[in-house]
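To start, the structure under review is shown below, and the notes come after it.
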Amino acid sequence: MKKVLIIGAGIAGLTCSIYLRRNGFETEMYELNHMPGGECTGWDRKEYHFDGCIHWLVGSKAGTELNELWRETGALNDGVEIINHEIFARYEEDGRGVNLYRNADRLERHLMEISPQDGAQIKKLCGAIRALGDFGMPIKKPMDMMGPGEGAVFAAKNAGKLMKLSRYGRLTMAEFAAKFKEPLLGRAFLAAIPGYYKASALVATLASMHGGDSGYPLGGSRAFARRMEQKYLDLGGKAFYNARVEKIIVKDGRATGLRLADGREISGDYVISCADAHATLFDMLEDRYTTDVFRNLFDHPESYPTPTSAMVFMGVGCEIKEDCASLTLRRKEPVLLCGFESEAVGLLNYGFDRTMAPPGKTVVACLYEADYDYWNGLDKEEYLAEKEQLKQDAARVLIGRYPEADGKIEATDAVTPLTYVRYCNAWRGSWMSWGESKDVPRYYPGILPGLD
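Add 313 to the 1-based position in the sequence shown for this note's numbering, that's all there is to it.
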């Protein structure tokens with residue numbers, strides 16, 4: 314039986330390892346952290362559970378290709394409740410608000426009530442959302458591995474939908490937002506998707522939700538990853554935690570093993586890295602096989618940004634009811650935080666998930682834009698002071714929106730870009746790949762030239 318060594322026990326590593334076991338390979342999965350999931354994680358503070366990842370999950374809808382994958386890997390099953398919020402996100406300023414409804418018909422009526430003068434843009438947007446509603450993510454084969462014939466079949470099958478999506482793919486979110494005569498609408502869209510992203514990201518997200526997908530699995534991220542881990546172990550796979558890989562051993566152009574941080578060397582027939590791409594290319598492979606595409610992306614973070622953020626979680630000793638789980642609140646005056654002049658702040662209410670807090674209590678989180686270079690430049694004393702300032706600001710935001718929380722914050726924790734670096738070895742503290750901008754390649758090769 315051929316042995317495969319998998320680096321990383323995040324969602325990619327777990328998925329890879331499970332399918333390898335299902336196909337008869339011996340597998341050993343090596344993870345630097347003490348638990349599986351990578352950035353799909355959560356942790357406990359006192360009576361509360363703080364969830365660090367899933368806000369919505371593509372593939373939550375039964376019958377989709379990705380749902381089949383989640384079920385085959387154990388991430389989802391018939392016992393996992395899926396929550397589909399009526400409102401995806403809300404933006405509020407000066408007593409006015411915009412709801413981004415999951416349903417395109419409801420969204421269109423709502424936006425038209427706010428800004429009839431933007432009727433043409435609103436109808437075009439909601440029409441595209443409806444048209445794309447059942448457009449599933451192709452997962453049977455990676456797009457970069459599809460031959461010309463396969464790509465042509467996919468394109469022909471989805472020609473109309475791809476055409477509608479491509480119209481928005483030619484615009485950044487900032488350009489799209491600027492098309493609206495009512496500035497409130499533009500700011501609401503930018504609160505949902507950053508300005509440097511393609512506008513197609515907003516359309517695809519809302520289309521997925523309109524089609525009944527992209528719900529939330531009750532129990533959140535840690536439970537999601539743990540179910541996958543259990544599936545892998547049940548299949549006889551081996552997992553090693555607190556096992557940082559320092560080097561991929563290459564002999565005669567072929568990856569033959571791993572060297573761990575403790576000096577041990579592990580041999581295998583194949584090596585698959587599901588770890589951070591920068592760590593894989595520049596550290597584990599010592600920059601010997603980095604392609605021009607990746608080098609350009611990594612060398613110019615100012616041109617090709619990767620998203621990061623800071624968050625403050627709060628366990629609140631009262632029930633906070635809200636019909637929308639994700640709010641963005643525009644401040645009356647900008648505040649300098651995280652290296653940014655913050656004009657708005659995100660507020661995530663986890664009251665809908667009964668597993669996050671005891672009955673009668675609620676977990677709420679504040680979400681902030683963050684600058685990795687700013688955080689990375691702080692010394693230890695400055696870093697701790699900035700985290701404390703974040704916690705104080707989050708408490709003010711929480712109490713300002715929900716006065717019933719005053720005096721009832723029982724647990725707090727702050728996450729910064731450096732938290733992602735420390736726990737997940739994430740390049741520049743990122744929790745996603747490069748933003749889907751007009752200048753970033755759509756697909757990255759999974760095979761490195763010169764390395765077998």
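All C-beta atoms in this analysis are idealised placements derived from N, C-alpha and C, irrespective of residue type, glycine included.
Taking the alpha-carbon of arginine 608 as reference, which of Ala444, Gly576, Tyr757, Gly566 has the nearest alpha-carbon?
Tyr757
Using C-beta distances below 7 Å, list every residue in its chain close to arginine 384, excluding the 5 sequence neighbours before and after it, in chain order.
Asn390
Rounded to the nearest angstrom, what separates glutamate 717 and glutamate 654 at their Cα positions?
Distance between the alpha carbons of glutamate 717 and glutamate 654: 28 Å.
Leaving out five residues on either side along the sequence, give the residues of the same chain with a beta carbon under 8 Å from the beta carbon of tyrosine 509.
Thr485, Met486, Ala487, Pro618, Gly748, Ser750
How is tyrosine 685 classed by DSSP in three states: helix, strand or coil?
helix
On the three-state DSSP scale, how would you describe glycine 690?
coil
When the distance is taken between beta carbons, is isoleucine 427 closer than 8 Å to leucine 497?
yes
In angstroms, rounded to a whole number, what distance separates the CA positions of alanine 388 and proline 429?
Cα to Cα, alanine 388 sits roughly 43 Å from proline 429.
Pair every Cβ in the region 688-707 with every Cβ in the region 396-404, then say whether three or more of these pairs are closer than 8 Å.
no
Tell me the rounded alpha-carbon separation between glycine 659 and lysine 374.
27 Å
Considering only the alpha carbon of each residue, which of Ala727, Ala657, Cys679, Met624 lies closest to arginine 644?
Ala657
By Cβ distance, which residues of its chain are closer than 8 Å to leucine 649, with the 5 residues on each side in sequence left out?
Ser655
By the DSSP assignment, the alpha helix (DSSP H) with aspartate 547 in it spans what residues?
533-547
Helix or strand or just coil, what does DSSP make of arginine 714?
helix
What does DSSP give as the partner residues of cysteine 679 in its beta bridges?
Val625, Leu660
Just verifying my parser: in three-state terms, what is the DSSP assignment at glutamate 635?
coil
Would you mind giving the Cβ-Cβ distance between methionine 722 and methionine 627, rounded to the nearest angstrom? I have them listed as a contact below 8 Å.
Before going further, note that residue 722 is isoleucine rather than methionine in the sequence given. That pair is a contact at about 5 Å.
With DSSP as the reference, label aspartate 726 as helix, strand or coil.
strand
Let's see if you can read the secondary structure: which residues bound the alpha helix (DSSP H) around valine 606?
It spans 605-612 - the alpha helix (DSSP H) in which valine 606 sits, taken as one unbroken run.
Whole angstroms is fine: what's the gap from aspartate 765's alpha carbon to isoleucine 561's?
12 Å
Report the rounded CA-to-CA distance for glycine 720 versus isoleucine 633, giving the unit in angstroms.
Taking the straight line from one Cα to the other gives about 14 Å.
If we require 4 or more residues per run, which alpha helix (DSSP H) segments fall completely within the region 385-468?
417-427, 432-445
Excluding the five sequence neighbours on either side, which residues of its own chain have a C-beta within less than 6 Å of the C-beta of glycine 323, listed in chain order?
Taken in chain order, the residues that qualify are Gly351.
Taking the Cβ atom as the reference point for each residue, do glycine 524 and glycine 446 lie within a distance shorter than 8 Å?
yes
What is the DSSP secondary structure of alanine 568, reduced to helix, strand or coil?
Here alanine 568 sits in strand by DSSP.
By the three-class DSSP mapping on this structure, what secondary structure does serine 580 have?
strand
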